[in-house]
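Engineer: Each position in the sequence shown, counted from 1, maps to that position plus 324 in my numbering.
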Amino acid sequence: MSFRKIMKNNEGIIDFTRPIEHGMPIYPGEPEVSIEYRQTGQYATVALSLSSHSGTSVDTPKHIIPEGATLDEYPLANWISHGGIVAFRDLQEKDVIEPADLENATAAFRDILPGSFLFIRTGWEAYWGKENYFKHPYLSAASTEWLVKQGVALVGIDAPNIDASWNNEDIAHKTLLENDVLVVENLCNLTGCLSDVHSFVPLQEIFVIPMPLAKSDGAPVRVFASMKKNCDGCVDTEDLVPKKHS
């Protein structure tokens, strides 16, 4: 039986990963992503050139702490957990996400936060490839301290940075990574999971599977999850495109 024919029903499986493509958007200062498709005789191959933070990617403590843990120090089982999506609908350019915002959104689910993977939906995935993608909302220092206190194991966001991309303070990174809370950036498809009323979408099982790079500070990751319930009431992405400041 062929691999395609044994494929299981993908209903309820959500992929939050940006495809890695030649010339895809990158964080300023990072090397360009290059993909060269080759044909040698009867064999097709692909030559790749990318950074540990190309596309949807994870940061480990080594990213910002010289003696911090590297990617290969974490067992494979650590990359699977429960969690959910914190859904913000009205964020604007450069808005700050504060502890009260997170507290209100997760109030009914506080008991599942320890050990969880928590994804922050800002709506900024709608600006992928556009200049204002780098004018995204971000987490305040107090918010990251709150996340650490709640026992969250990994924080993801649908933006290029959990910190403000227009300065070099990296406070959110420092707070999380110093406490061994990993960071995933450039998530996508979070909007497609939202209902029109709920501020938190529980995910039964989340997989954040990194490219196995030895001694690395991070890596591109494949992120996907199974939902605890169906997506009845999901809204169209276009209805949730963030508004600009006037």
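Glycine residues also receive a C-beta, built at the ideal position from the N, C-alpha and C atoms.
Thinking Ser550 and Gly336 are a contact (beta carbons under 8 angstroms), I'd like their distance in whole angstroms, please.
Structural biologist: 5 angstroms
Engineer: Name, in chain order, the residues that DSSP records as bridge partners for Glu360.
Structural biologist: Ala371
Engineer: Out of curiosity, what's the CA-to-CA distance linking Glu449 and Glu397?
Structural biologist: 30 angstroms
Engineer: Work out the CA separation of Arg434 and Tyr361 for me, nearest whole Å.
Structural biologist: Their backbone Cα atoms lie some 47 angstroms apart in a straight line.
Engineer: If you draw a straight line from the C-alpha of Phe412 to the C-alpha of Thr446, how long is it?
Structural biologist: 5 angstroms
Engineer: As a quick exercise: from Leu426, Ser440, Arg342, Ala488, pick the residue whose alpha carbon is nearest that of Asn456.
Structural biologist: Ala488
Engineer: Do you know offhand how far Tyr351's Cα is from Ala432's?
Structural biologist: 35 angstroms
Engineer: Using DSSP bridges, identify the partner residues of Pro526.
Structural biologist: Gly408
Engineer: Here's a check: name, in chain order, each residue in its chain whose Cβ is nearer than 7 angstroms to the Cβ of Gly453, leaving out the five neighbours to either side.
Structural biologist: Correct list, in chain order: Pro349.
Engineer: Excluding the five sequence neighbours on either side, which residues of its own chain have a C-beta within less than 7 angstroms of the C-beta of Ile389, listed in chain order?
Structural biologist: Leu501, Glu502
Engineer: Rounding to the nearest angstrom, what Cα-Cα distance links Ser523 and Arg546 in this structure?
Structural biologist: 25 angstroms
Engineer: Report yes or no: do the region 507-514 and the region 374-383 share at least 3 C-beta pairs separated by less than 8 angstroms?
Structural biologist: yes
Engineer: Pro484 and His460 look like a contact to me (Cβ under 8 angstroms); what is the Cβ gap, rounded to whole Å?
Structural biologist: Their Cβ separation, rounded to whole angstroms, is 7 angstroms, which keeps Pro484 and His460 in contact under 8 angstroms.
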